[in-house]
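Chemist: In full-length UniProt numbering, the protein residues as written are 1 to 373.
Quick reminder that beta carbons are idealized off the backbone N, C-alpha and C, glycines included.
Computed from a predicted structure; not experimentally measured.
Take a look at this one; I'll ask things after.
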Ligand SMILES: NC(=O)c1ccc[n+]([C@@H]2O[C@H](COP(=O)([O-])OP(=O)(O)OC[C@H]3O[C@@H](n4cnc5c(N)ncnc54)[C@H](OP(=O)(O)O)[C@@H]3O)[C@@H](O)[C@H]2O)c1
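Now the structure itself:
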């Protein structure tokens, strides 16, 4: 077979503020080809990329390495590395079979000789000082249902990082009890919609916000008692009317920390707040960021606020996730919605921006389908 096109998304300029720009910070490179039958595997395996999972954490990896954060940064001139579902097309590794599907961090390119870099499969949270967590260490793993009972996009959502994030955070931080009230911001997002479902399964009452009426209806369909559109009703008015709250799952909101402020006021004593995402704030210049007014409530109400990244809690709760969640999905007890925001490699740069832009219109997890199996 003659060499075929091997498109890739290359990182070309670091992001200093605001949103990245397609063509400036990263670009689609269509100049490369690959001979998939003869490319040397050196004991590894060759994968074809099928479903890309654009996620807000990619923005963190585009920053300058001198800016402190929880993760390492992208390499200039190299393919962007992020979550995706791939299929194995050739293998010289005994444990990896042709036709198996895998999910994890991988270069965003048509075909990749794996592992794409040596020594990535290390999972040592105890060694992660701030800024040293290497996202690439969340390497490809064979998916638990290799025969493909579920649509592959589910592995980017309920069976992937968003599901894992919701599960480990609910188990490790929120620890909700029946009858308690949980407030979830961005409840229609990939993570938010799963947090809501886990809360409902555990008998919690849920208040949840999102940026459009369609998202409000989606959250209502998940069983949320008080879904609201933050563009129409203020956090303060809804929480003072429908609170108090026992816990708050913070994803992001369009105005930075306004939801957090209202939640501090509405919290009971000993409330638990899980800070999971801040992408809305990341795109806003420092001077324009919202300043907390109710921070004094943290002490007065002895509120616990814990920021986390999912790998912090995987050692404790990751195994439980893989034992429980695939079964709940198979039984139809947990659902997830994915929205296709691109259908070919040419769509990828704009789709990344779309995913990072405020109120990007979709409910559920954005995915890009770049190839058929
Ligand atoms: N801590 C962790 O380990 C971990 C793991 C996974 C994800 N996360 C974080 O969790 C959050 C949600 O992730 P996800 O995968 O569920 O996201 P998602 O499905 O892409 O949804 C993001 C939602 O956030 C809202 N939003 C508001 N302002 C935004 C902005 N400036 N940019 C982008 N979205 C904005 C939008 O909903 P509205 O229209 O309702 O505002 C959007 O639909 C992100 O902040 C992500 O970084 C954290």
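Quick one: what's got a C-beta closer than 6 Å to residue 262's C-beta in the same chain, skipping five residues either side?
Modeler: So the qualifying residues of the chain are 235, 236, 239.
Chemist: Count the other CB atoms within 10 Å of the CB of residue 250; is the residue buried (16 or more) or exposed (fewer)?
Modeler: Residue 250 is buried by the Cβ-count criterion.
Chemist: May I ask you to report which of helix, strand or coil DSSP gives residue 308?
Modeler: The answer is coil: DSSP assigns residue 308 none of H, G, I, E or B.
Chemist: By how many angstroms is the C-alpha of residue 65 removed from the C-alpha of residue 221?
Modeler: So the two alpha carbons sit approximately 42 Å from each other.
Chemist: Within 7 Å: the Cβ of residue 266 and any heavy atom of ligand 1?
Modeler: No.
Chemist: Would you list the residues sitting across from residue 172 in a DSSP beta bridge?
Modeler: In the DSSP output, where bridge partners are listed per residue, residue 172 has none listed.
Chemist: Closest by CA to residue 198, which one among 22, 44, 244, 333?
Modeler: Nearest option by C-alpha distance: 333.
Chemist: With C-beta atoms as the reference, is residue 176 less than 8 Å away from residue 182?
Modeler: The answer is yes: Cβ separation under 8 Å.
Chemist: Could you check if residue 356 belongs to the surroundings of ligand 1, using beta carbon to heavy atom distance under 7 Å?
Modeler: Flag set: Cβ of residue 356 near ligand 1.
Chemist: Cβ of residue 56 within 7 Å of any heavy atom in ligand 1?
Modeler: Yes, ligand 1 has a heavy atom inside 7 Å of this Cβ.
Chemist: Less than 7 Å between C-beta atoms, sequence neighbours within five positions excluded: which residues of the same chain meet that for residue 258?
Modeler: Cβ within range, chain order: 235, 290.
Chemist: Under the rule that 16 or more other beta-carbon atoms within 10 Å means buried, what is residue 76, buried or exposed?
Modeler: Burial call: exposed.
Chemist: Starting from residue 298, trace the beta strand (DSSP E) both ways and give me its first and last residue.
Modeler: Premise fails: residue 298 lies in the alpha helix (DSSP H), 296-300, not in any beta strand (DSSP E).
Chemist: Would you mind listing the beta strand (DSSP E) stretches within the segment 182-240 that are 3+ residues and don't spill past its ends, in chain order?
Modeler: Entirely contained in the segment 182-240, the beta strand (DSSP E) runs reaching 3 residues are, in chain order, 205-210, 226-229.
Chemist: Go through its chain and collect everything with a Cβ distance to residue 127's Cβ below 7 Å, but skip five positions before and after it.
Modeler: With a pLDDT of 48 at residue 127, under the threshold of 50, the modelled position of this residue cannot be trusted; read the value that follows with caution. Correct list: empty, nothing qualifies.
Chemist: With a threshold of 7 Å (Cβ to nearest heavy atom), would residue 309 be considered close to ligand 1?
Modeler: Correct: residue 309 has its Cβ closer than 7 Å to ligand 1.
Chemist: Can you grab the Cα-Cα spacing for the pair residue 123 / residue 187, in whole Å?
Modeler: Per-residue confidence for residue 123 stands at a pLDDT of 45, beneath the threshold of 50, marking its modelled position as unreliable; no derived number is given.
Chemist: Should residue 69 be listed as close to ligand 1, given that the test is whether its C-beta is under 7 Å from any heavy atom?
Modeler: No, Cβ of residue 69 sits at least 7 Å from all heavy atoms of ligand 1.
Chemist: So does residue 336 have its beta carbon nearer than 7 Å to some heavy atom of ligand 1?
Modeler: Checking the Cβ of residue 336 against ligand 1 gives no.
Chemist: Could you work out which residue in 143, 111, 109, 174 is closest to residue 101 when comparing CA atoms only?
Modeler: Comparing Cα-Cα distances from residue 101 to each of 143, 111, 109, 174, the minimum goes to 143.
Chemist: Compute every distance between the C-beta of residue 215 and the non-hydrogen atoms of ligand 1, then say whether any falls below 7 Å.
Modeler: Checking every heavy atom of ligand 1 against the Cβ of residue 215, one is found closer than 7 Å.
Chemist: So, for residue 119: in the same chain, excluding its five sequence neighbours on each side, which residues have a beta-carbon less than 7 Å away from its beta-carbon?
Modeler: Annotation note: pLDDT 44 at residue 119 (below 50); position unreliable, coordinate value reported separately. So no residue of the chain qualifies.
Chemist: Say the cut is 7 Å; is the CB of residue 161 nearer than that to a heavy atom of ligand 1?
Modeler: Residue 161: yes, Cβ under 7 Å from ligand 1.
Chemist: For residue 336 versus residue 157, is the C-beta spacing smaller than 8 Å?
Modeler: For residue 336 and residue 157, yes; Cβs fall inside 8 Å.
Chemist: Can you give the Cα-Cα distance for residue 87 and residue 185, rounded to whole angstroms?
Modeler: Those two C-alpha atoms are separated by around 35 Å.
Chemist: Thinking residue 404 and residue 169 are a contact (beta carbons under 8 Å), I'd like their distance in whole angstroms, please.
Modeler: Since the first and last residues shown for the chain are 1 and 373, residue 404 lies out of range.
Chemist: Identify, in the order they occur along the chain, each residue of the same chain with its Cβ nearer than 6 Å to the Cβ of residue 35, setting aside the five sequence neighbours on each side.
Modeler: Counting only Cβ-Cβ distances below 6 Å, and skipping sequence neighbours, we find 3.
Chemist: Answer with yes or no whether the minimum CB distance from residue 218 to chain C is below 8 Å.
Modeler: In the structure shown, chain C does not exist; there is a single protein chain.
Chemist: Whose C-beta lies closer than 8 Å to the C-beta of residue 353 among residues of the same chain, with five residues either side of it excluded?
Modeler: Excluding positions up to five away in sequence, the list reads 19, 20, 21, 22.
Chemist: The beta strand (DSSP E) spanning residue 369 covers which residue range?
Modeler: Unbroken beta strand (DSSP E) run through residue 369: 365-369.
Chemist: Could you tell me the alpha carbon to alpha carbon distance between residue 277 and residue 218, rounded to whole angstroms?
Modeler: Residue 277 and residue 218: Cα-Cα distance of roughly 21 Å.
Chemist: Is the beta carbon of residue 385 within less than 7 Å of some heavy atom of ligand 1?
Modeler: A query on residue 385 cannot be resolved here, the shown segment of the chain reaching from 1 to 373 and no further.
Chemist: Please state the DSSP three-state secondary structure of residue 39.
Modeler: Residue state, collapsed to three classes: coil.
Chemist: Taking 7 Å as the cut-off, does the CB of residue 154 come closer than this to any heavy atom belonging to ligand 1?
Modeler: Checking the Cβ of residue 154 against ligand 1 gives no.
Chemist: Could you tell me which of 273, 369, 9, 320 sits nearest to residue 62, measuring between CA atoms?
Modeler: For the residues 273, 369, 9, 320, the minimum Cα distance to residue 62 belongs to 9.
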